[in-house]
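Chains as they are written, first to last, in the UniProt record's numbering: chain A, 1 to 372; chain B, 1 to 474. Ideal Cβ placement from N, Cα and C applies to all residues, glycine included. Working notes for the structure below.
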Amino acid sequence: LVGFWPPDNLQGTKKLIYDCYAVLSFMFLQGVYLLAQIADLIVIWGDLPLMTATSFILFTNLAQAVKFINLAVKNKMIRRIVNDCDQVLGNVQTEEAKRIVRRCDKDTTVQLVAFFSLTLFTITGFATSAERGHLPLRAWYPYDTSKSPTYELTFVHQVYALFVSAFLNVAKDTMVTTLIAQCHCQLKLIGLSLRTLGKDLEVDKSHLLSPKQGELIRSRLHKCAMQHQRALDVAQQLQLCFSEPTFAQFNVSRIIICVSAFQLVSATNNMVRLVSMGTYLVNMCFQVFLYCYNGNQLSEESSDISVAAYFSPWHTMSPSIRRELIIIMVRSKRIARITAGGFTTLSLASFMAIIKASYSLFTLLKQVNDGD
Amino acid sequence: MMTKVKAQGLVTDLMPNIKLMQAAGHFLFNYHSDNSGMSMLLRKVYSSVHAVLIVVNYVCMAINMAQYSDEVNELTANTITVLFFAHSVIKLLFFALNSKSFYRTLAIWNQSNSHPLFTESDARYHQLALTKMRRLLYCICGVTVLSVASWVTLTFFGESVRFIANKETNETMTEPAPRLPLKAWYPFNTMSGTMYIAAFALQIYWLLFSMAIANLLDVMFCSWLIFACEQLQHLKAIMKPLMELSASLDTYRPNTAELFRASSTEKSEKVPDPVDLDIRGIYSTQQDFGITLRGAGGKLQTFGQPTPNNPNGLTQKQEMLARSAIKYWVERHKHVVRLVASIGDTYGTALLFHMLISTITLTLLAYQATKIDGVNVYAFSTLGYLTYTLGQVFHFCIFGNRLIEESSSVMEAAYSCQWYDGSEEAKTFVQIVCQQCQKAMSISGAKFFTVSLDLFASVLGAVVTYFMVLIQLK
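Structure below.
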């Protein structure tokens with residue numbers, strides 16, 4: 001809608017016009033904002049509470065800009081991942097598999113709705129907490145903003161930019177996290193088919209499979225191995241596409257969480273503002289949590305493939321089929337992880353580490369401020 | 001109207017624990033012998049009354065905390081008490097909300113497979129598990145009663161006062177408060193008289209029941225872990241005979257008859273007449289597989305001719321026995337994996353809450369501990385709180401650690417048997433088992449942390465560090 005995701009069938013000049021529209025839109029929303037806030041930051045350098053008031057939105061916008069650039073550049077690759085995932089998840093046959101897909105779907109929908117409503121709440125809080133004659137957010141403009149027409153225009157611009165960029169943020173984040181969740185779902189389906197390798201096969205009293213049954217199991221196992229390879233390939237591509245913006249997001253989140261907590265503690269005059277700062281803090285934490293939670297799920301599921309293989313009736317299989325199963329188990333010992341720029345893996349442990357780092361930064365900031 | 005459910009498996013083993021939990025007022029409504037509508041209603045009323053009383057008194061304590069929050073020392077002390085008993089309220093609610101998954105975990109071990117050659121080992125380790133679980137239950141019950149008794153005794157020592165901050169002079173004064181075990185706000189005057197005795201009795205009841213609620217649930221969790229560990233011990237113990245059985249399938253072994261001998265101490269099995277060998281073909285009990293008693297052992301090896309595929313001349317029944325032994329081992333191991341997964345799903349969130357609250361409590365306690373200035377009531381109560389909280393964390397960390405160690409040592413047991421003499425089948429069996437057991441089974445607190453002695457060490461280390469830093473700052 002806003003020019004960031006061109007529909008599939010734009011060609012030639014139409015595409016060019018669309019790209020120009022995209023750039024303009026970006027400039028209008030983000031660029032103006034970024035420049036204004038950076039300028040403000042330079043002007044008030046040294047005054048800690050004021051600086052934190054400006055920077056908490058500034059950094060979010062910075063991260064957004066990085067993500068948007070990433071999206072524009074890696075467009076084709078991302079599109080391919082989305083289509084592939086769609087195809088795989090849409091082709092499930094058995095009832096059990098459908099149930100797994102539905103449950104994963106429900107999980108991601110719940111996350112999206114929670115994130116969305118949190119953002120909505122926060123943004124309305126911000127927009128309505130502006131005092132008379134002041135803008136909701138601090139920024140430096142090259143003209144005087146307290147006079148009548150400029151004040152209204154800037155106010156409208158800020159609110160509009162706030163709303164749209166917040167929802168874009170939600171959309172971008174949930175796209176990444178949903179893709180990770182879909183990869184996790186694929187791995188779950190593979191686990192299911194490994195567990196039910198011996199489905200509908202009657203094993204006779206010698207507890208061994210007949211050669212014909214063995215061949216059937218072997219073909220099923222080969223199919224599982226191919227699916228496993230495809231799913232790991234998807235995880236690898238996700239890593240390639242989204243590692244850098246996630247890195248930017250994490251670093252920025254560390255700063256933002258610390259700064260918002262500081263703002264929360266020091267700005268106590270306006271009740272609505274206080275509440276909306278609180279929800280902003282929760283929102284930022286939730287954003288990081290979504291990434292880490294889905295990354296964690298993916299890693300866990302990839303190591304669960306080994307357990308699923310163990311739960312197949314392998315004691316009835318002949319040694320040569322067992323060896324193929326062992327190869328699958330050995331591969332799944334190395335978990336599929338998504339890393340943020342190669343530094344931290346997305347997991348719940350790294351989420352705790354980010355929260356701890358923000359908390360230490362926050363206490364440091366408080367000390368510096370109290371000392372002044 | 002529910003039919004009588006026969007208690008079996010884990011439920012039988014944990015019956016004393018379950019009965020105690022029902023007595024303490026947990027919302028545990030299964031596993032009664034009498035399930036008529038009237039008694040169900042009575043039990044529900046009983047549990048609800050307990051729940052209401054406990055929550056009401058807890059809220060009174062919280063009100064007291066809010067009332068006297070001006071003075072720092074008073075506030076800290078009250079916060080510690082409130083957090084301390086938050087465990088009980090949370091565990092009560094947690095169980096009430098999550099009882100289905102508790103029932104499911106208890107029912108996982110209702111049916112378990114069995115194998116004639118391994119019943120003796122199975123029974124032995126089961127008995128060991130049972131003894132350990134009972135001992136743990138008695139120990140924790142004793143500790144609970146002792147704590148309540150010492151708490152009540154400690155109430156009668158020292159001055160019964162509370163600290164108030166005088167706003168004008170900015171110093172703390174003392175004001176007389178009722179001599180009760182817990183500081184709480186009651187709508188009636190509890191300084192003396194019948195109201196005082198009533199409040200005292202209520203508080204003793206409350207102390208006992210809330211501590212029992214929290215501790216019994218932890219004991220149930222640890223009993224599950226003990227059970228899983230003993231099962232893993234059983235699996236490790238039968239690994240060696242299993243390997244030899246498997247090797248006998250296609251490698252010549254001199255004493256194959258020994259392997260097929262089960263110890264004959266099982267009186268419950270019907271024993272066919274050892275002379276009448278034809279009858280064995282007709283029986284469809286577990287004896288069907290040609291188990292002999294001591295004395296008729298040597299006859300087995302005359303039953304078939306040694307062939308390249310069958311170097312020990314095993315009969316078809318004996319081959320089935322060997323193969324079904326492997327199946328038994330694998331199925332039993334999968335059963336244990338399922339049990340541990342279910343335990344983790346059921347109790348993980350409760351552990352997360354416990355650790356969160358304990359961390360905050362221990363931080364505050366470290367701060368309180370820096371203010372100890374002699375052997376008095378204050379010192380005893382602070383140290384008491386400290387030991388109790390650390391003890392609770394230690395309790396489940398040690399059992400979680402044992403599970404981790406046992407489950408990863410299965411791999412070592414698999415390696416240490418004579419796999420190099422085994423068939424291709426035996427070798428791939430060892431390989432798959434080693435792959436699976438390399439990653440130890442552990443209980444995680446809703447995936448945030450693993451329950452092990454490392455966790456306890458980090459908690460203890462954090463408390464000590466914090467305490468040292470605070471001492472330095474003073």
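| Item | Value |
| --- | --- |
| Beta-carbon spacing of B:H126, B:E258 below 8 Å | no |
| Nearest neighbour of A:K98, chosen from A:L189, A:T178, A:T177, A:I123 [CA to CA] | A:L189 |
| Secondary structure, alpha helix (DSSP H): runs of 4+ residues fully inside the segment 119-203 of chain B | 119-155 |
| For residue 499 of chain B, the residue or residues it bridges with in DSSP | Nothing about residue 499 of chain B can be read from this structure; chain B reaches only from 1 to 474. |
| Any C-beta of chain B under 8 Å from that of A:R220 | no |
| Contact check, A:Q287 vs A:S318, beta carbons under 8 Å | no |
| Three-state secondary structure assigned by DSSP to A:Q94 | According to the sequence as given, residue 94 of chain A is Thr; it is not Gln. Correct three-state label for A:T94: coil. |
| Cβ separation of A:L281 and A:A261, assumed to be a contact under 8 Å, to the nearest whole Å | 6 Å |
| Beta bridge counterpart(s) of A:A340 as assigned by DSSP | A:T344 |
| Pair within 8 Å by beta-carbon distance, A:Q186 and A:I81 | no |
| Reduced DSSP secondary structure (H/G/I, E/B, other) of B:L216 | helix |
| Under 8 Å from the C-beta of B:T428: neighbouring residues of chain A | P319, R322, R323, I326 |
| DSSP state of B:S47 mapped onto helix, strand, coil | helix |
| Chain B within 8 Å of A:S315, Cβ atoms only | The residue asked about is misnamed: residue 315 of chain A is His in this sequence, not Ser. Yes, its Cβ sits closer than 8 Å to a Cβ of chain B. |
| Neighbouring residues, chain A, relative to B:Q8 (Cβ below 7 Å) | Within 7 Å Cβ-Cβ: nothing; B:Q8 doesn't reach chain A, min ~24 Å. |
| First and last residue of the uninterrupted alpha helix (DSSP H) at A:R322 | 319-331 |
| B:A123 and B:M239 closer than 8 Å at C-beta | no |
| Beta-carbon proximity of A:N61 to A:L35, cut-off 8 Å | no |
| Beta-carbon proximity of B:S47 to B:H26, cut-off 8 Å | yes |
| Best match in A:L216, A:S117, A:N251 for proximity to A:S276 [C-alpha to C-alpha] | A:S117 |
| Closer than 8 Å to chain A by CB, B:E459 | One point to set straight first is that residue 459 of chain B is Val, not Glu, in the sequence displayed. Not one chain A Cβ lies under 8 Å of B:V459. |
| Listed by chain order, chain C residues near A:L348 by CB distance under 7 Å | The structure shown contains no chain C; its protein chains are A and B. |
| Closest Cα partner of A:N294 within the set A:S219, A:V330, A:H228, A:T108 | A:T108 |
| C-alpha distance - A:R195 paired with A:I326, whole-angstrom precision | 14 Å |
| Pairwise C-alpha distance: A:V92 and A:L290 | 26 Å |
| Per-residue burial, B:T131 [other beta carbons within 10 Å of its own, 16 or more giving buried] | exposed |
| Beta-carbon separation (whole angstroms), B:K91 vs B:L217, contact threshold 8 Å | 5 Å |
| Length-filtered (4 minimum) alpha helix (DSSP H) runs lying within the segment 191-251 of chain A | none |
| Separation of B:H115 from A:H228, as counted between CA atoms | 36 Å |
| Neighbouring residues, chain B, relative to A:N91 (Cβ below 9 Å) | The contacting residues do not exist; A:N91 stays about 29 Å from chain B at best. |
| B:W329 in three-state terms, based on DSSP | helix |
| For A:I328 and A:G214, believed in contact at Cβ under 8 Å, the rounded distance | Not quite, the Cβ-Cβ distance comes to about 17 Å (not below 8 Å), so this is no contact. |
| Whether A:C292 touches A:L365 by CB criterion (8 Å) | no |
| Nearest-angstrom beta carbon gap, A:P313 and A:G198 [assumed within contact, 8 Å] | 4 Å |
| Length of the line joining the Cα atoms of B:A346 and A:F351 | Checking the sequence shown, residue 346 of chain B turns out to be Thr, not Ala. C-alpha separation (whole angstroms): 23 Å. |
| Cα-Cα separation between B:F396 and B:A23, rounded to whole angstroms | 23 Å |
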